[in-house]
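A quick write-up on the structure given underneath.
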Amino acid sequence: RKEVEQDPGPFNVPEGATVAFNCTYSNSASQSFFWYRQDCRKEPKLLMSVYSSGNEDGRFTAQLNRASQYISLLIRDSKLSDSATYLCVGYFSGSARQLTFGSGTQLTVLP
Amino acid sequence: GAGVSQSPSNKVTEKGKDVELRCDPISGHTALYWYRQRLGQGLEFLIYFQGNSAPDKSGLPSDRFSAERTGESVSTLTIQRTQQEDSAVYLCASSLGGGPSYEQYFGPGTRLTVT
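So the sequence lines, in the order shown, correspond to chains A and B. Convert by adding 12 to the 1-based position in the first sequence; the result is the number in the numbering used here. Convert by adding 1344 to the 1-based position in the second sequence; the result is the number in the numbering used here.
So this is what it looks like as structure tokens:
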């Protein structure tokens, strides 16, 4: 079983819609989580960190539920420019200081 | 400022040949990572360098893969006797320090195709 699992999608939503992605992790010795964004044929870029208390950055809200071992990303009022693959990323203690990436969830925002 | 750069951007090679991929990290970044991303997949960790510490090679898939880093600058990833399953995008990332407190900045990657 992969340490970080995501629904690959694709999610096709109309502009202005609200969309949510979930990600589950299997290693309870988790320390930190992140969402990265990867545009087609481009490198990943950090979107936001995920805190237990939940955190918001503009239209983006990230949540971490340690009891159920899942992370979520909510995008409100989606824009065409939000179309990308969203990678759930975990840093687990004992993983020698490297990040574990999920396979990504593909989002397409339609006009 | 300049970001992480990688070269070549694309490499096509015949099965059995050796290839060398280069990464120039952001100046001042002590940590450097190599990842592999197969088509439609997430990133697989390969190797991690931090300052003068011994590199963490735990992600290297076989002894055909090796990497070096000169001080806190350029790194090269070498794949010997390439196989078709080595076809992937190889991404390099650097960060100011090691661990999750430091954002990793990725280069554009090298797309390797083994024919």
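Here a beta-carbon is modelled for each residue, glycine too, at the ideal position from N, C-alpha and C. Treat the numbers as computed from the prediction; the structure is a model and nothing was measured.
Is the beta carbon of residue j closer than 9 angstroms to that of residue i?
i, j, result
"residue 97 of chain A", "residue 119 of chain A", "yes"
"residue 1393 of chain B", "residue 1375 of chain B", "yes"
"residue 38 of chain A", "residue 78 of chain A", "no"
Could you tell me how far apart the beta carbons of residue i and residue j are, in whole angstroms, since I believe they sit closer than 8 angstroms?
i, j, result
"residue 44 of chain A", "residue 61 of chain A", "7 angstroms"
"residue 64 of chain A", "residue 74 of chain A", "Not quite, the Cβ-Cβ distance comes to about 11 angstroms (not below 8 angstroms), so this is no contact."
"residue 16 of chain A", "residue 102 of chain A", "5 angstroms"
"residue 26 of chain A", "residue 122 of chain A", "5 angstroms"
"residue 80 of chain A", "residue 18 of chain A", "Wrong, their Cβ atoms sit about 15 angstroms apart, outside the cutoff."
By Cβ distance below 6 angstroms, which residues in the same chain neighbour residue i in space, the five residues on each side in sequence not counted?
i, result
"residue 1425 of chain B", "1360, 1408"
"residue 51 of chain A", "96"
"residue 1455 of chain B", "1354, 1433"
"residue 1448 of chain B", "1437, 1439"
"residue 1351 of chain B", "1366"
"residue 1400 of chain B", "1392"
"residue 82 of chain A", "34, 36"
When DSSP builds the beta bridges, which residues end up paired with residue i?
i, result
"residue 77 of chain A", "A:82"
"residue 1437 of chain B", "B:1377, B:1450"
"residue 44 of chain A", "A:103"
"residue 63 of chain A", "Residue 63 of chain A pairs with nothing; no bridge assigned."
"residue 31 of chain A", "A:87"
"residue 1459 of chain B", "Residue 1459 of chain B pairs with nothing; no bridge assigned."
"residue 1367 of chain B", "B:1350, B:1419"
"residue 69 of chain A", "A:72"
"residue 17 of chain A", "A:36"
"residue 26 of chain A", "A:122"
"residue 50 of chain A", "A:56, A:97"
Within its chain, find whatever has a CB closer than 7 angstroms to the CB of residue i; leave out the 5 residues flanking it on each side and keep chain order.
i, result
"residue 1458 of chain B", "1357, 1359, 1426, 1427, 1428, 1430, 1431"
"residue 1364 of chain B", "1420, 1422"
"residue 1410 of chain B", "1422"
"residue 48 of chain A", "56, 57, 58, 59, 99, 101"
Examine the ligand ATP and report whether any of its heavy atoms sits within less than 8 angstroms of the Cβ of residue i.
i, result
"residue 21 of chain A", "Ligands are entirely absent from the displayed structure, and the ligand ATP is therefore not among its contents."
Which same chain residues, not among the five before or five after residue i, have their C-beta less than 8 angstroms away from its C-beta?
i, result
"residue 1347 of chain B", "1370, 1449, 1451"
Given 8 angstroms, three or more beta-carbon pairs between the stretch 24–39 of chain A and the stretch 85–103 of chain A = yes
message = Measuring CB atoms only, is the stretch 1410–1426 of chain B touching the stretch 1369–1378 of chain B, in the sense that at least three cross pairs come out at less than 8 angstroms?
response = yes
task = Could you please tell me which residues of the stretch 60–74 of chain A, in chain order, have their CB closer than 8 angstroms to any CB of chain D?
result = The structure shown contains no chain D; the protein chains it does contain are A and B.
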